[in-house]
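Okay, structure first, notes after.
2 protein chains.
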Amino acid sequence: MTTTTEQLDVFAAAAAAAAPVWRTAPASDRAAWLRALADALDAASDEVVEIADRETRLGAGRLRGEVARTTGQLRLFAGVVEQGSYLELTVDDADAAATPPRPELRRMLTGVGPVAVFSASNFPFAFSVLGGDTASALAAGNPVIVKAHSGHPELSRRTAEIAAAALEAAGAPAGSLALVEGREAGNALVRHPVIQAAGFTGSLSGGRALFDLAASRPDPIPFYGELGSINPVVITAAAIDARGAQLAEGLAASFTLGVGQFCTKPGVVFVPRGTGFEQAVADAVTGIAGGPLLTDRITEAFPAGVDALTADPSVTVVAHGAETAEGARPVVLATDAAAVADRADTLLEECFGPVTLLIRYDGEEDLHRALRAVQGCLTATLHAEDTDDVSATLALLQDRAGRVLFAGWPTGVAVTWSQHHGGPWPATTSLHTSVGATAIRRFLRPIVFQDAPERLLPPVLRDEALATLPHRRNGVLTLP
Amino acid sequence: MTTTTEQLDVFAAAAAAAAPVWRTAPASDRAAWLRALADALDAASDEVVEIADRETRLGAGRLRGEVARTTGQLRLFAGVVEQGSYLELTVDDADAAATPPRPELRRMLTGVGPVAVFSASNFPFAFSVLGGDTASALAAGNPVIVKAHSGHPELSRRTAEIAAAALEAAGAPAGSLALVEGREAGNALVRHPVIQAAGFTGSLSGGRALFDLAASRPDPIPFYGELGSINPVVITAAAIDARGAQLAEGLAASFTLGVGQFCTKPGVVFVPRGTGFEQAVADAVTGIAGGPLLTDRITEAFPAGVDALTADPSVTVVAHGAETAEGARPVVLATDAAAVADRADTLLEECFGPVTLLIRYDGEEDLHRALRAVQGCLTATLHAEDTDDVSATLALLQDRAGRVLFAGWPTGVAVTWSQHHGGPWPATTSLHTSVGATAIRRFLRPIVFQDAPERLLPPVLRDEALATLPHRRNGVLTLP
C-alpha cells in the first residue's frame, strides 16, 4: 500500500493545524496524551505482539519486552515534560544601568513543528510508529507523521490505529499522528514544506539518501539519522588472562542476540594475538543457533556481507554457531590488525546479522593503527584490568564513539536520563541522541520574548510558573 | 592574500593536535585562555580600532564599543565554562534489580573537534576572528580556524596575531587558532576532514553555498549559518495613536543604525493605512544622514536592491534621509499588504543598507495574509497597546522569529544567558543561537561512560567533581 501525494498533503495539513495545539498545550495535557498512548499499547499487547511476531519473527518473548520498553519510553517522556528542565527557561531582567541599557529577555525552547519519523526494521515497537523518535517529538510538542517500515506494515497500521484512538479519547487534536507507506511517500515526506525535522533509524545508504533530500530542500531541515555502527571492542591480554572464558561467552551472546540485528552489535573485536581467545569464542558460539532474519533484504545481505569479508585473504573462519534450520547461522571470523589498517573499507564494513570479526593485534602500536581506521560508532567497549595502562587506547575510542563501555556488552540500551545513542558520523548525523531523555532536544527551537507584557508571555515564562520550574535567572540556575 | 591548500593542511594538523588538549583542559585553564584573549584585545584596542576604522569606515566610537562587546563576550564564555552547567552532567546509578539490570551511565557534553568560523563584514570584531563563534567554539573545548572576511583583511591578520601571542603566553597549545584567507580556502576549510562543525554569519547566497558543501561531505558536519532576516515590525493603530511620533523616531534611528547594516535591521514595518505614520517617519528620517557602506559589494548592492523594490508598481518613495556625501542615503519606501502577499519574493527580499519598507494594511485579515508570506527571521517586533487583541498576530510572529520584541527595536543584541540570535530558515540553518551563553551547545557532542572505573572517567564526571557542579543524578537535578 502506497500513500499518494494527495493523502500526504491531507496528513500534512492536519499536522500543521495540530502543531499549535501541541506546542501550547500545558505540560499536564501533553503528559496525559503520552501516557494514554502507553496505556493503549500496553492494553493491546497480546494483539500487537502476535502481529509483530508474524511479520518480524523476532519471537513473542523479545517482542513483549520491546512493548514494555516502548511504553516505558512514552512514560519517561511524560515525566520529562512534567519536570520541565527541557524548556531551558532563562530570564535576564532588564538593566537600565547597563551600557547599552539591557531589555528584559525571557527564553524557552518550543516545538519546531511537524516531525517526520522513519521507523526501523529491527525494533518494530521501540523504533517504529510509537518509538523513541515519535515519543520525543510529541513530548517536544510536535505532531508526527511516521513513514512505516515495509518490514512490518500490518503492525504499523494497527499501532497507528491504536494510537489515533487513544489520542482522540484523551482529547488530543486530530492530526497528531499519521502514517504513510512506500518509499516515494517517504521521500515526499522529508521534502514536505510542513515538516520541520526528521528522525531516522536504518541503513547508511537509506539514511544518507534521506539526509541529502532534507539538506537540499529550499529550506533545509535537521535530519537526525542513526545510520550504522561497527561497535568496536578492545580486549587486553590481562583481561583475557583474568576472565577470558567469561568474555568469550559474553561476546558470543551479544553478537548473536536478536540474530545479530542490533545497531549496537559488537561487530569487530580487537584481541591480542596468541591468547587462545579465538578458541574460547569458538567454544562459546558452538551451541548458539541463529534464526530467521527480519526481511528478505537482510536475509540476502547477510551471506553476501560474510562473503565479502571472507573474500579478503587475511580473513579466516574461526567457528560457526549451531546448525540453523532457517535464516542465518552465527559465524565468527578473524583477521589481523595490519590488514584492517590497510583495507578498512572492506574489513570494517558493518554487516547486519550474527557475525563478528576478531582482529588480532601485536602490541599497542599495531592496535592503535587499526583503531585509527575505525569510523564513528554508537559504542566502543574496553575490557581491561586495573593494571593495564589504557589511556591512549581510551582516547582513540572516545573520539570514535558516543558511548564507551568498561564492562558488559553494547547490546542493550537503557532508556534513561543519561543515555546517549549516537556518535560521530556515520553512527549518526547529529550531535544528539535518539534514545534517552535528551532526545527531546532534537525537536525544539529556542524563542526569546523581549520586554513582553506578562499577559502575552507563554504561561511557562511568567513569574508564577517560573517559581515551580527549573530555570536560570540573571545567570543563576534555580530549582523549584 | 590567499591561503594555499598546503597551508590549510598545516593549520588543520595543528588544530587536530590541539583538540585533545582543549577538550580535556580543566575549566580553569580554558577560562584563563579566554580571558587572556579578552585582555589582549582590550590592551590593543587603540591599534585595532584604527585598523578597523580604516577598513570598514564604521567609525571609532562604534568600533570601540564593539571591541568591548567582543571582549565581554569572551569573558562571558569564560564564566559559562566555570559555571559548568553547559556540560549537562547526568548520572544514572546502576540498578541490578531493574529488568533488564541497568548499568551505571555517566553522560557529559564534550568538544566536537576543530571548528571553522566564517566571519562577517558588518561586525569586524564581534562576528570576526575573536567573535562569538570563536569564543563559543573555544569555550566548548575546540580549536578554531577562521576564514577572514575580505572586507577587513589587515584587521583579521592583526587580531589573529594578537590572539596567537596571548594564547601562547597563557599556555594554550599551538594550533589553537589559525586564520585562512580567500574564497577557495574557505570552501576547502568547510570540506576539510579535520573540521567537525562550522559557524557562519553572512549572506543567504554565500551561506547556502557553504551549507551545501558541509552537507555534501562524505561525513556531513553541522553548519550553523546566520543568513538573512527582514525582521518584520507590526504596529497597531492604538500604538500609533498613543505614541506615533516616538515610534517613528525609533524606527528611523533603528533602520539607519550602522548605515542599515545590521542583520537585525527592521526591514519591513506593517502599519495601519491612513494613520499619518508615513509622514511621521518622513519627518524623523529627514535629518538622518547615511554614510559609506562596508564593502564595494554592499555599496553596489544597496541601490540595486532599492531599485528592485521601487520597480514594483505598488512601491512609492516616502522620504529620504539627509543628503549623504559618500555611500548610501537613507530611504523609506511604502507599499500595500495585498501587494506583499502577492509578490513576497520581490517585496520581502532582504536589502542590506539604510532602507525600510512600510507596508500599509487594512484590518487584521489583510495584515495576516501578508504576514503568512514572511519567511523565518531573527526577530519580530510588535508595537501594540494593552487594549489591542494581538493573540492571532503574535502567533504568526512567533512562528516566524527567534526573538519577539514588545518594546524598542531589534537592532542591539544583548550578549547574555537568555539571548537567542537565530530563527526559522533562512534566518539560520539551525535550532541554535549564535549569540549568548547557549551558543556553546553548537560545538559539543554527548558522550556516555558505562560502568567506568572512576580513574578512567573524565575528571568532571567523578563523584568529587559532581559535588561541585550542577548535575542530574537518577533523574533529579542538583545544584552544588
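Protein chains in written order, with our numbering: chain A, 1 to 480; chain B, 481 to 960.
Don't be surprised by glycine CBs; every beta carbon is placed ideally from N, CA and C.
Beta-carbon gap between residue i and residue j smaller than 8 Å
i	j	result
Gly321(A)	Val281(A)	no
Cys263(A)	Ser314(A)	no
Thr387(A)	Ala239(A)	no
Lys265(A)	Phe277(A)	no
Glu82(A)	Ala25(A)	no
Gly402(A)	Ile642(B)	no
Gln899(B)	Thr908(B)	no
Leu431(A)	Arg925(B)	yes
Glu546(B)	Phe603(B)	yes
Leu204(A)	Leu130(A)	no
Ala460(B)	Gly833(B)	No statement about residue 460(B) is possible, as the shown extent of chain B runs from 481 to 960 and does not include it.
Asp451(A)	Thr896(B)	no
Thr70(A)	Leu41(A)	yes
Arg840(B)	Val786(B)	no
Leu167(A)	Ser176(A)	yes
According to DSSP, residues forming a beta bridge with residue i
i	result
Lys147(A)	Phe118(A) and Val180(A)
Gly771(B)	Ala808(B)
Val748(B)	Leu837(B)
Leu862(B)	Val714(B)
Where residue i meets chain B, residues with beta-carbon distance less than 8 Å
i	result
Arg62(A)	Within 8 Å Cβ-Cβ: nothing; Arg62(A) doesn't reach chain B, min ~12 Å.
Arg369(A)	Those within 8 Å of Arg369(A) in chain B number zero; the least Cβ separation is about 17 Å.
Cross-chain neighbours of residue i in chain B, by beta carbon under 7 Å
i	result
Arg445(A)	Leu911
His420(A)	Arg587, Pro926, Ile927 and Val928
Pro292(A)	Chain B residues near Pro292(A): none, gap ~24 Å exceeds 7 Å.
Gln398(A)	Ile927
Arg372(A)	Neighbours of Arg372(A) on chain B: none; closest Cβ ~12 Å, over 7 Å.
Ser85(A)	Leu957
Asp296(A)	Ordered by position in chain B, no residue passes the 7 Å Cβ test against Asp296(A), which lies about 29 Å from the chain.
Unbroken beta strand (DSSP E) run spanning residue i, endpoints
i	result
His800(B)	Thr796 to His800
Leu469(A)	Segment: none, Leu469(A) is in no beta strand (DSSP E) and carries neither H nor E.
Leu213(A)	Unbroken run through Leu213(A) is the alpha helix (DSSP H), Leu204 to Ala215; no beta strand (DSSP E).
Arg883(B)	Ala881 to Leu885
Amino acids of chain A, ordered along the chain, whose beta-carbon sits closer than 8 Å to that of residue i
i	result
Ser685(B)	Those within 8 Å of Ser685(B) in chain A number zero; the least Cβ separation is about 13 Å.
Trp889(B)	What Trp889(B) touches in chain A: nothing, since even the nearest Cβ is about 10 Å away.
Ala620(B)	Those within 8 Å of Ala620(B) in chain A number zero; the least Cβ separation is about 11 Å.
Val884(B)	Ile447, Val448, Phe449, Gln450 and Ala452
Endpoints, alpha helix (DSSP H) assigned at residue i
i	result
Glu758(B)	Phe757 to Val765
Phe782(B)	Asp776 to Thr790
Val10(A)	Thr5 to Thr24
Arg455(A)	Where Arg455(A) is concerned, there is no enclosing alpha helix (DSSP H), given that its DSSP letter is neither H nor E.
Thr411(A)	Unbroken run through Thr411(A): none, as it is neither H nor E.
Val592(B)	Careful: Val592(B) lies outside any alpha helix (DSSP H) and carries neither H nor E.
Gly72(A)	Ala60 to Gln83
Thr867(B)	Per DSSP, Thr867(B) belongs to no alpha helix (DSSP H) and is neither H nor E.
Ala198(A)	No alpha helix (DSSP H) holds Ala198(A); the beta strand (DSSP E) holding it covers Ala197 to Thr201.
Asp345(A)	Ala344 to Leu347
Cβ neighbours of residue i in the same chain (closer than 8 Å, five flanking residues each side left out)
i	result
Arg400(A)	Pro232, Leu371, Val374, Gln375, Gly376, Cys377, Ala380, Gly423 and Pro424
Phe557(B)	Leu514, Ala615, Ser616, Leu618, Ala619, Ala917 and Ile920
Val49(A)	Ala60, Leu63, Arg64 and Val67
Glu55(A)	Pro124, Gly151, His152, Pro153, Glu154 and Leu155
Leu731(B)	Val713, Pro746, Val749, Val761, Ala764, Thr836 and Trp889
Glu664(B)	Thr482
Asp219(A)	Pro193
Partner residues on chain A for residue i, Cβ-Cβ distance less than 7 Å
i	result
Arg952(B)	Trp417
Short CB-CB distance (under 8 Å) between residue i and chain E
i	result
Leu957(B)	Protein chains A and B are contained in the structure displayed, whereas chain E is not.
Same chain, Cβ closer than 6 Å to residue i, neighbours up to 5 away in sequence not counted
i	result
Ala339(A)	Ser314
Pro222(A)	Ala197
Ile675(B)	Pro594 and Ala596
Ala864(B)	Thr716, Ala719 and Val870
Arg106(A)	Val91, Phe449 and Leu461
Cutoff 7 Å; reference residue i; Cβ partners in own chain excluding five residues on either side
i	result
Thr468(A)	Pro480
Ala650(B)	Ala512, Trp513 and Ala516
Val317(A)	Thr310, Val331 and Leu333
Chain A contact residues for residue i, given Cβ-Cβ distances below 9 Å
i	result
Trp435(B)	Here chain B comprises residues numbered 481 to 960, so residue 435(B) is not present and cannot be evaluated.
Partners in chain B for residue i, counting only beta-carbon separations shorter than 9 Å
i	result
Ala32(A)	Here the premise fails: no neighbours, minimum Cβ distance about 20 Å.
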